[in-house]
Structures are given as C-alpha cells and as structure tokens.
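S.K.: Numbering (the numbering used here), first residue to last: 20 to 118. By construction, the Cβ of each residue, glycine as well, lies at the ideal position given by its N, Cα and C atoms. These figures come from a predicted structure and were not determined experimentally.
Listed below in structure tokens is the structure:
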C-alpha cells in the first residue's frame, strides 16, 4: 500500500417500509401521512435515538437507518415492532400502519 491509513467502521443499516402504504394513501391521502408523522415523532425517532441510531435517508413511507452495532439495530427493530403492535390494537385492520 502507499502508506495511507484506511479507516474502517462497522455499521448495521436496516431499511424499513410501511406495508400497503399506497393503498392507505389512496383511501386517506391526508390522514395517512399525518398518522405516519405522528408515529415517527412519538415512537420511531425516540427509539432510534435510544439505540444510538440515525436516519440516513427517508423515502416517503420508508427509511434507511444506521446503527453502530447489529445489536442496537435488532433491539430497536424488536422494540418498534412491539410498540406498533400495541398502537395498532385499537386501529381497524384496513387503517393500520404496519412496518
């Protein structure tokens, strides 16, 4: 090598997406984005921060998230799945936002 030091780091980068988002948007074009924003503000963003992650990119109903460890990524994903299941209990099946 030319003597340059190569810096390497490990990261876990999960991609998340909302199932049937297009169908939900078709049914309620105003309420669906508002519901997604509330979920991000109340659940997703705080849980990602708690597990030392950061959102790299959002794509409407999806996101790429970076974690410094696989353990943090998996723990965050499990916690979010549980929180979403609890939140969706009261929601009619056709209105549920399911990651």
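1) Can you tell me which of 92, 81, 62 and 63 puts its alpha carbon nearest to the alpha carbon of residue 30?
2) Bridge partners of residue 76, per DSSP?
3) For residue 42 and residue 74, I'd like the C-alpha separation in whole angstroms.
4) Just reading off the beta strand (DSSP E) that residue 104 is part of, what are its end residues?
M.R.: Taking the structure as given:
1) 92
2) 83
3) 25 Å
4) Element bounds for residue 104: not the beta strand (DSSP E) but the alpha helix (DSSP H), 89-107.
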